[in-house]
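J.:
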Amino acid sequence: MSEEDKIKQQLTDRFNFLADKVTIKRARRLFMEVSMDKFRDVFDHAIKSLNFSMLTTITGLDEGDKFGLIYHLASESGIMLNIKTSIPKDDPILQTVTGYFPSAEMYEREMADLLGINVKGLPAGNRYPLPDDWPADQYPLRKGWKSDVLDKKENR
Amino acid sequence: MAEEKEFRIPIGPQHPALKEPVSFSLALRGEKIMGVDVRLGYNHRGIEKACEERTYIQDVYLVERICGICSHTHSTCFVQAVEEIAGLDVPKRALYIRTLVAELERVHSHLLWLGVAGHEIGFDTLLMFTWRDREVVMDILAMLTGNRVNYGINTIGGVRRDIRAEDIKGILKAMDILEERTKYYIEVATQETTIIQRLSGVGILLKEDAIKLGAVGPTARASGVARDIRRDDPYAAYAEMDFNVITDDHNDVFGRAVVRLKELLESYKMIRQSVGNLPEGPIAVKAPRKIPAGEAVSRYEAPRGEDMHYVKANGTDRPERVKVRAPTLANVQAVRHMLRDRYLADMPIVVAAIDPCFSCTDRLVSIRDMDKGRTDIIEWSDLRDYSIGWYKRRGVDFSKMGKMK
Amino acid sequence: MKVIDKIVNWSRLKSPWVLHFNTGACNACDIEIVAALTPRYDLERFGVLLKATPRHADILLCSGPVTRQIEDRLIRIYEQMAEPKFVVAVGTCACSGGVFDGCYNVKGGIDTAIPVSAYIPGCPASPKAIMDGVVKLLQSLEAK
């Protein structure tokens with residue numbers, strides 16, 4: 001059994017709701033989908049029991065009525081576990097994972113700035129990456145957002 | 157009077173009230189940094205959004221210009237993700253050429269870093285020498301790809317230009333020259349007391365902290381963390397390359413310099429291997445204009461550490477989503493940790509030692525003096541001068557060093 | 562031209578003081594500007610001296626496109642320079658916004674914020690092109 005197969009087996013054994021939700025796309029690439037209410041348990045397990053010691057980044061996606069979130073975890077042996085979950089766009093609240101990975105701070109701030117996701121529990125700090133005078137309620141990475149909105153606001 | 161001036165943090169002509177992009181804000185007590193806030197985004201352009209509005213081929217040229225040092229890094233990382241989604245079988249010859257350019261890029265980047273590090277500590281002679289040597293690599297890159305930077309060598313499905321037999325001689329000769337020069341730099345770095353004094357014990361990052369904080373690249377490897385995507389998650393032709401992952405256990409800036417120097421020797425090895433074992437065959441397969449729906453994660457060991465691209469395709473000729481996580485962002489928490497409770501004078505080289513974006517050390521720094529209760533904004537160049545002066549008073553003076561060869 | 566103007570012009574030609582300002586984009590042009598100062602290209606033999614403050618600079622070498630966050634600072638630096646002053650846009654992004662034209666945080670080339678005297682294209686502009694551009698600017702001043 002390959003390392004990837006073992007990980008998949010351990011995940012589906014531990015969490016039966018993951019039964020057909022874990023895919024091995026190719027060597028060193030596992031993808032899985034989990035609902036937000038179950039996300040924390042799976043995330044915790046992956047880190048504490050499956051040796052995923054690195055959070056490479058978090059990708060936020062605008063998926064229409066919801067935001068998709070992919071937590072890209074990696075092990076020291078080079079295997080990636082990409083955990084996909086989602087939150088509703090009309091109430092986009094996310095709990096921070098900086099308690100597990102301090103590096104998550106920059107990745108979560110990025111999603112807050114560019115998509116308008118409300119990340120709870122972040123330590124005090126500067127926004128990233130948009131400038132301080134960026135107009136409120138303007139989230140560039142949302143589908144359909146156009147930058148001409150900025151020019152109108154600045155009376156150019 | 158001169159004595160007094162040297163102990164004061166220099167204040168630039170800028171005023172805090174005005175809009176100035178600041179890269180760091182520090183809380184200072186006496187001469188020590190109590191807290192560090194990063195303020196990145198000074199070069200945020202909106203590239204990820206632009207990727208969604210352009211075709212895949214246009215995006216290859218766009219992402220190549222995310223960073224003028226790591227241009228091949230981003231271009232390769234991106235095409236790898238797209239090729240995986242499209243199920244393309246990239247020819248081996250193309251993978252070898254990508255690897256060749258990748259290692260040449262690492263060489264130019266590490267030599268550039270050496271010069272920049274020298275500049276930060278007041279050792280400009282090192283900048284002149286290393287950047288002169290770096291021109292050897294720039295010439296090779298220009299010969300192979302047509303440009304010194306932004307090589308445009310990648311396309312989706314392979315590479316755009318082939319290596320000619322007559323190029324190989326020039327490459328091998330360049331490797332001999334650079335290997336000799338690098339061995340000399342290693343000798344200087346490990347034997348010159350001025351350098352050892354200046355860089356040792358500075359920017360401490362213990363192994364467990366490097367892991368916990370998610371450090372990557374030479375920054376992690378100099379703390380004994382053997383993370384290297386070329387070995388851990390091989391891409392291009394690295395699975396067929398014979399090389400060592402260089403680690404060091406100094407846990408400081410000196411270690412980071414040693415790791416980069418020794419990595420140069422490994423790069424010369426791999427460059428020789430890639431031209432020596434260059435497979436025959438085509439240099440690209442045809443790629444469809446519309447990429448079928450799918451997603452992929454691509455990783456690449458940039459000179460600074462792990463670069464990662466996530467691409468989601470939706471069946472059109474434009475990506476649904478492109479996410480880029482450049483290596484420097486992964487090292488931000490490590491830098492904050494390294495600076496806390498350390499001397500302000502150490503800041504320039506500690507920041508430079510993670511090999512950040514070139515312009516990161518050209519931005520302003522805001523300093524809140526906790527004793528005086530005021531905040532000043534200063535130029536990085538003034539911070540550098542302060543740092544060099546601070547160390548000179550403690551006997552670290554590069555003008556007193558022996559002549560370089 | 563008055564005698565005093567001719568003397569000032571001559572000394573500026575023989576030893577122009579240059580301020581390098583980068584807007585912080587990809588930095589390739591910045592590295593080529595610094596490379597132009599290293600022994601192989603040696604811009605200094607033309608008497609070009611890099612100065613740290615706008616008040617002492619005759620020529621502002623600008624690289625990178627104008628972004629929303631840098632625009633104010635760029636304008637302020639230009640305003641701090643004493644007349645006569647000249648701006649050189651180094652690299653395609655500085656000339657026109659380059660490959661970033663259309664990105665939401667990019668406004669365009671340097672001339673969207675301040676007047677530009679000379680444009681040096683290239684992605685990046687090579688050290689040779691930079692030297693050629695600076696020398697051409699100096700020669701055009703001599704002609705005045």
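Chains as they are written, first to last, in this note's numbering: chain A, 1 to 156; chain B, 157 to 561; chain C, 562 to 705. Note that beta-carbon positions come from the ideal geometry of N, C-alpha and C, so glycine has one too.
Opposite D525(B) in the DSSP bridges: which residues?
T.: L184(B), R530(B)
J.: Tell me the residue span of the beta strand (DSSP E) that contains A679(C).
T.: 679 to 681
J.: Quick one: does V667(C) have its CB under 7 Å from some CB of chain B?
T.: yes
J.: Kindly list the residues whose CB is nearer than 7 Å to the CB of D323(B), restricted to its own chain and excluding five residues on each side of it in sequence; keep chain order.
T.: Contacts found: M299, L300.
J.: Count Cβ pairs between the region 341 to 359 of chain B and the region 546 to 556 of chain B that sit closer than 8 Å; are there 3 or more?
T.: yes
J.: 7 Å is my cut-off, CB to CB: does Y139(A) come that close to chain B?
T.: No, Y139(A) does not count as interfacial toward chain B.
J.: Less than 7 Å between the beta carbons of V648(C) and V677(C), yes or no?
T.: yes
J.: If you follow the beta strand (DSSP E) that Q95(A) is part of, which residue opens it and which one closes it?
T.: 93 to 95
J.: At the level of alpha carbons, what is the spacing between K697(C) and G659(C)?
T.: 23 Å
J.: Counting only beta-carbon atoms, is R477(B) nearer than 7 Å to chain A?
T.: yes
J.: Is E76(A) helix, strand or coil by DSSP?
T.: E76(A): coil per DSSP, three-state reduction.
J.: Along the region 447 to 469 of chain B, where does the CB come closer than 8 Å to a CB of chain A? Name the residues.
T.: Among the residues of the region 447 to 469 of chain B, those with a Cβ less than 8 Å away from any Cβ of chain A are E451, A452, V453, R455, E462, M464, Y466, K468, in the order of the chain.
J.: Does chain B have any CB closer than 7 Å to the CB of P102(A)?
T.: Flagged as an interface residue toward chain B: P102(A), by a C-beta distance shorter than 7 Å.
J.: Which chain B residues are close to A597(C), counting only those with a beta carbon under 9 Å from its beta carbon?
T.: Ordered by position in chain B, no residue passes the 9 Å Cβ test against A597(C), which lies about 11 Å from the chain.
J.: The beta strand (DSSP E) with I234(A) in it runs from where to where?
T.: Shown here, chain A extends from 1 to 156; a query on residue 234(A) therefore has no answer.
J.: For C590(C) versus G670(C), is the C-beta distance shorter than 7 Å?
T.: Not in contact: C590(C) and G670(C) (Cβ atoms no closer than 7 Å).
J.: According to the neighbour-count rule (16 or more other Cβ atoms, all chains shown, within 10 Å of its Cβ), is F17(A) buried or exposed?
T.: So F17(A) counts as exposed.
J.: Go through its chain and collect everything with a Cβ distance to R524(B)'s Cβ below 6 Å, but skip five positions before and after it.
T.: A183, T531
J.: If you drop the 5 nearest sequence neighbours on each side, which residues of the same chain put their C-beta closer than 6 Å to that of T673(C)?
T.: Excluding its 5 nearest sequence neighbours in each direction, T673(C) has C-beta neighbours in its own chain below 6 Å: V627, listed in chain order.
J.: Looking at the structure shown, is D62(A) part of a helix, part of a strand, or coil, going by DSSP?
T.: strand
J.: Which partner residues of D463(B) appear in the DSSP bridge assignment?
T.: As DSSP reads the structure, D463(B) sits in a beta bridge with Y456(B).
J.: Assuming T23(A) and M464(B) make a contact with CB atoms under 8 Å, what is their CB distance in whole Å?
T.: At roughly 19 Å, the Cβ-Cβ gap does not stay under 8 Å, so T23(A) and M464(B) are not in contact.
J.: Could you confirm whether any beta carbon from chain A is found closer than 7 Å to the beta carbon of I369(B)?
T.: Reading off the sequence shown, one finds Leu at residue 369(B), where the question assumed Ile. Yes, because at least one Cβ of chain A sits closer than 7 Å to the Cβ of L369(B).
J.: Thinking C-beta only, is A440(B) closer than 7 Å to G145(B)?
T.: With chain B covering only 157 through 561, there is no way to say anything about residue 145(B).
J.: Given that a residue counts as buried once 16 or more other Cβ atoms are within 10 Å of its Cβ, and exposed if not, what is R290(B)?
T.: buried
J.: Count the other C-beta atoms from every protein chain shown that fall within 10 angstroms of the C-beta of M80(A), then say buried if there are 16 or more, exposed otherwise.
T.: buried
J.: In whole angstroms, give me the CA-to-CA distance for Y680(C) and S657(C).
T.: Going by the C-alpha atoms only, they are around 10 Å apart.
J.: Figure out for me which residue from I367(B), L328(B), G326(B) has the closest Cα to the Cα of S53(A).
T.: I367(B)
J.: Going by beta carbon distance, what residues of the same chain come within less than 7 Å of G450(B), once the five residues before and after it are set aside?
T.: Hits under 7 Å: I241, A469.
J.: Counting only the same chain and skipping the five closest in sequence on each side, list residues whose C-beta sits under 6 Å from that of T614(C).
T.: none
J.: If you follow the beta strand (DSSP E) that F582(C) is part of, which residue opens it and which one closes it?
T.: 578 to 583
J.: Could you work out which residues of chain C lie near Y217(B), taking near to mean beta carbons separated by less than 7 Å?
T.: V660
J.: By DSSP's criteria, G314(B) is part of a beta bridge. Which residues make up the other side?
T.: T311(B), A440(B)
J.: For my contact list, D502(B) and G359(B) are in at a C-beta cut-off of 8 Å; report their separation, rounded to the angstrom.
T.: 7 Å
J.: Which residues of chain A have a Cβ atom closer than 7 Å to the Cβ of Q630(C), listed in chain order?
T.: Those are P131, listed as they occur along chain A.
J.: Can you name the residues that DSSP bridges to G450(B)?
T.: According to DSSP, G450(B) shares a beta bridge with A469(B).
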